[in-house]
Amino acid sequence: MVLLQRINGSYTNANVSIPICDLKPFTKYSLRVQLKGGQPNPWSESATVEATTLEDRPLTGPPMLSTNYHEENCENNKRRVYLYWNESPRDSLQGESTRFEVSFKNETYQLRKGTNSFQESLQCDAQYNISVSSATKVGTSIRPSLIFIPKASQALPVPSNFDFKVEELFDLSPSSLKNLNITWRAGLHEKDVSLYVYMCQESYQAKICFDELRVIEVNMTEEAIFLTNVTSTVNLIGYALRHENGQTRGINWTECVFLRDAVPGKPRGLRVRSGTESGSLEISWIATPCSKASKTLIVQYILSICSAKQTSDSCQRVNVNGSVDSYTATGLLENHHYVVSIQAETPYKLGPTFEETALTGSKNDSGSGNVITAIIATAFLLIFMGLICFFVWRCMKGGKRFKLLLDDTLILSKSSTQVIYQPQTSTESGVYTSSQRSQQSCTSESEVQPSQNGPIQPSHNGPVQSPHNGPVLPPHIGPVLPPHNGPVQPPHNRPVQPPYIGPVQPPYIGPVHPTLNSPGYVDQPDNAFALKEISLEVSNEQPSPIRTQEGTNVYVKDDGSGPLDEYVRVANGSAGKPCSHYITDKNSLIVPSEPDTRSIPQHPIQQAICVGLALDGQSPMFPQAEGAQSTVTPGETQQCGSPHVQEYVGFGVQNGQATEYYPEDGS
1 MVLLQRINGS
11 YTNANVSIPI
21 CDLKPFTKYS
31 LRVQLKGGQP
41 NPWSESATVE
51 ATTLEDRPLT
61 GPPMLSTNYH
71 EENCENNKRR
81 VYLYWNESPR
91 DSLQGESTRF
101 EVSFKNETYQ
111 LRKGTNSFQE
121 SLQCDAQYNI
131 SVSSATKVGT
141 SIRPSLIFIP
151 KASQALPVPS
161 NFDFKVEELF
171 DLSPSSLKNL
181 NITWRAGLHE
191 KDVSLYVYMC
201 QESYQAKICF
211 DELRVIEVNM
221 TEEAIFLTNV
231 TSTVNLIGYA
241 LRHENGQTRG
251 INWTECVFLR
261 DAVPGKPRGL
271 RVRSGTESGS
281 LEISWIATPC
291 SKASKTLIVQ
301 YILSICSAKQ
311 TSDSCQRVNV
321 NGSVDSYTAT
331 GLLENHHYVV
341 SIQAETPYKL
351 GPTFEETALT
361 GSKNDSGSGN
371 VITAIIATAF
381 LLIFMGLICF
391 FVWRCMKGGK
401 RFKLLLDDTL
411 ILSKSSTQVI
421 YQPQTSTESG
431 VYTSSQRSQQ
441 SCTSESEVQP
451 SQNGPIQPSH
461 NGPVQSPHNG
471 PVLPPHIGPV
481 LPPHNGPVQP
491 PHNRPVQPPY
501 IGPVQPPYIG
511 PVHPTLNSPG
521 YVDQPDNAFA
531 LKEISLEVSN
541 EQPSPIRTQE
551 GTNVYVKDDG
561 SGPLDEYVRV
571 ANGSAGKPCS
581 HYITDKNSLI
591 VPSEPDTRSI
601 PQHPIQQAIC
611 VGLALDGQSP
621 MFPQAEGAQS
631 TVTPGETQQC
641 GSPHVQEYVG
651 FGVQNGQATE
661 YYPEDGS
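Following full-length UniProt numbering, the numbering of the sequence shown begins with 1 at its first residue and continues without gaps.
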């Protein structure tokens with residue numbers, strides 16, 4: 001108890017106010033007041049009151065070390081960088097956390113409360129100074145947390161043969177604790193380097209922590225650390241390096257955690273075939289250096305190549321690194337059968353053997369193979385040349401026919417043949433003839449020999465014209481005939497079938513619901529537009545993902561995708577009775593003051609998207625990324641982790657139509 005102030009004087013039914021200074025923001029205090037009278041026992045019974053001071057800006061940003069980042073390999077001068085932090089202590093936060101702000105290169109990103117990481121694609125040949133600030137409703141941190149991301153080429157190099165391993169000594173039940181033995185190798189020149197061991201429970205997103213990130217600093221030269229009573233859910237473990245001159249290497253996450261007593265299985269996919277050289281075998285398999293299912297760490301594969309006819313003394317044994325998946329055995333007998341076996345080995349156990357038999361090749365086999373290859377290539381070439389000759393012949397033949405047709409259609413001056421063309425007529429047999437040609441010989445008209453049935457009838461009503469006796473005319477003195485001998489057919493004038501102009505089925509842009517036209521339902525307006533993100537703002541502060549309040553402005557971000565493919569539903573805080581409103585103004589939306597009390601029944605579902613569920617006033621227990629999906633059986637319910645719905649659960653079916661379901665019991 002601390003005596004704050006003593007007030008002297010006489011008071012009768014008076015209101016007395018006393019200012020109390022130098023209190024901590026957002027702190028609960030218990031105050032006790034006593035009065036002193038003129039009695040022998042002057043002090044009265046105390047009156048107690050409790051009060052909490054107002055919030056203030058956070059003192060600092062979230063706790064971060066200079067190594068709290070992870071970067072992936074560079075590709076096209078781009079690398080994905082992850083930042084990690086923990087929640088600020090209450091004394092430093094000085095209020096309720098509302099959001100985080102990450103700033104670099106004159107850009108600021110706002111993240112919702114409860115977030116503990118940030119990722120962005122950065123250039124490999126550039127360095128970055130990034131600040132991370134906590135925020136309350138009063139404002140952001142007075143002093144943000146700073147972290148420096150060096151160029152990819154300037155990161156602290158990992159020592160050669162560092163061999164960082166994480167060994168789990170006991171395979172206990174998921175609800176219990178476990179012990180970890182972490183080992184590495186360090187040279188003498190690493191005495192000025194500090195090693196940081198990181199561990200957390202991995203989220204549904206790779207390389208993202210679900211809970212608090214635990215960090216342990218150890219001496220680099222110790223080469224081992226033994227951790228006891230580690231939570232069994234910890235499954236993401238890594239290390240980072242920092243030199244005393246400030247140079248850093250971000251977190252390298254390990255591939256897996258292995259058990260000492262775990263026995264590796266048989267290597268899969270063993271394949272053995274004759275090599276390209278005589279007396280050789282090419283051996284390949286599927287390398288699995290780390291198996292999360294069996295918790296095994298393969299350090300090497302043991303190969304044995306033994307003759308199928310001789311004793312084991314003639315075997316060839318080779319040790320191959322655990323990350324290698326092939327080996328070529330040479331110096332073997334030609335045209336000889338060999339038995340190839342392979343075993344996987346962990347630091348403590350040797351797995352079962354997998355065998356395969358194969359025949360080596362010889363020089364003659366290689367020569368025969370070359371001859372066969374040459375024969376096949378020659379045959380293919382001959383076939384190809386024959387096809388070319390065939391097509392050339394067809395083209396030439398087609399050209400000759402065209403020339404004959406051209407000669408038929410021209411009246412040459414030196415020709416005594418007269419060709420008379422008539423339009424298409426129908427004969428008695430019903431066959432249409434495109435033309436009739438009457439050909440006269442070089443003799444005069446009187447010399448024309450009659451046919452068996454009488455004299456030749458002229459092809460037209462006048463006398464037969466004698467051969468041309470005038471001057472020689474140029475080649476084209478008659479009409480050039482069309483390609484066919486009948487009348488020119490008019491172009492196709494049948495009515496063109498128009499494209500399908502029937503009613504186009506519009507894309508689905510609203511919820512599928514049996515009571516679509518029920519009273520109180522807010523239908524989709526024509527000017528509704530697409531959106532991807534929403535944030536809430538209160539009292540003209542910066543937008544932040546706080547809980548919805550009546551009359552709150554909802555700011556939306558238009559993704560420009562055109563027709564409405566998503567929409568906003570705002571819950572009034574009670575499960576199963578949501579308010580609904582379509583966004584029609586790209587600037588803001590006012591949450592309806594009167595909730596829609598209709599009950600939405602459950603629908604059969606095929607895919608569920610948990611957008612985010614939260615306990616009353618708390619952070620979402622399962623914050624989901626946009627588009628995160630989990631498959632469920634139609635008609636089945638899925639527990640998303642909260643009995644009180646603050647946000648909603650969206651269900652989508654595979655044909656693109658969406659169904660909204662609000663759980664009435666939280667499941």
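Beta carbons: idealized from backbone N, C-alpha and C, even for Gly. Keep in mind it's a predicted model, so treat the numbers as computed, not measured.
Secondary structure in the region 86 to 129: the beta strand (DSSP E) runs of 3 residues or longer, each lying completely within the stretch, are 99 to 104, 107 to 112, 117 to 123 in chain order. R99 is not a Cβ neighbour of R90, given a cutoff of 7 Å. The DSSP assignment places 214 to 219, 224 to 231, 236 to 243, 248 to 253 as complete runs of the beta strand (DSSP E) inside the region 211 to 266, in order along the chain (cut-off: 3 residues). Between the alpha carbons of L35 and P42 lies a distance of about 8 Å.
Within the UniProt domain "Fibronectin type-III" (266 to 365), complete beta strand (DSSP E) segments of at least 3 residues are found at 268 to 274, 281 to 286, 300 to 307, 316 to 321, 326 to 329, 337 to 345, 354 to 359, given in chain order.
When DSSP reads this structure, F148 sits in a beta bridge with N129. Bridge pairing for N181: E167, F226 [DSSP]. The C-alpha of Q300 is placed about 11 Å away from the C-alpha of P264.
Annotation for C200: the continuous beta strand (DSSP E) segment containing it runs 193 to 200.
A residue is called buried once 16 or more other Cβ atoms fall within 10 Å of its Cβ, and M396, having fewer, is exposed.
When C-alpha distances from Y239 are compared across N245, V218, N335, the shortest belongs to V218. Sequence-distant Cβ neighbours of P289 in its own chain, meaning closer than 6 Å and more than five residues away, are I298, G322, S323. Linking S44 to V33 through their CA atoms gives a straight-line distance of about 9 Å. V138 and Q127 have their C-alpha atoms some 32 Å from each other. In summary, I130 is buried, with 16 or more beta-carbon neighbours lying within 10 Å of its beta-carbon over all protein chains present. For the 7 Å CB-CB criterion, S141 and S153 do not form a contact. The shortest CA-to-CA distance from E244 to any of E255, M220, S232 is the one to M220. A residue is called buried once 16 or more other Cβ atoms fall within 10 Å of its Cβ, and C389, having fewer, is exposed. Rounded to whole angstroms, L359 and G269 show a C-alpha spacing of 18 Å. The C-beta separation of K295 from L350 comes to about 16 Å, leaving the pair out of contact by the 8 Å criterion. Taking 7 Å as the cut-off, the beta carbon of E202 is found no closer than this to the beta carbon of N252.
The way I'd put it, the region 278 to 286 doesn't touch the region 180 to 196; fewer than three beta-carbon pairs between them come closer than 8 Å. Secondary structure at A47: strand, using DSSP grouped into helix, strand and coil. Proximity to T231 across D325, E168, R79, R80 peaks at E168, based on C-alpha coordinates. Taking 7 Å as the cut-off, the Cβ atoms of E334 and S278 count as close. Exposure of P19 is indicated by the presence of fewer than 16 other C-beta atoms within 10 angstroms of its C-beta. Non-local C-beta neighbours of L65 in its own chain, meaning closer than 6 Å and more than five positions away in sequence, are absent. Distance between D22 and F170, taken at the CA atoms: about 52 Å. Leaving aside the five residues that flank P150 on each side, the residues in its chain whose CB is nearer than 6 Å to its CB run, in chain order, Q127.
About 5 Å separates the Cβ atoms of N86 and E212, confirming a contact at the 8 Å cut-off. The continuous stretches of beta strand (DSSP E) do not include V16, and DSSP gives it neither H nor E. A straight line joining the alpha-carbon of W393 with that of A379 spans about 21 Å. For E71, the enclosing beta strand (DSSP E) stretches over residues 69 to 71. V138: not part of any beta strand (DSSP E); DSSP gives it neither H nor E. Between Q110 and D56, the C-beta gap is not smaller than 7 Å, which leaves the two residues out of contact.
Within the same chain, M199 come within 6 Å of R214 by CB-CB distance, once the 5 residues on both sides are set aside.
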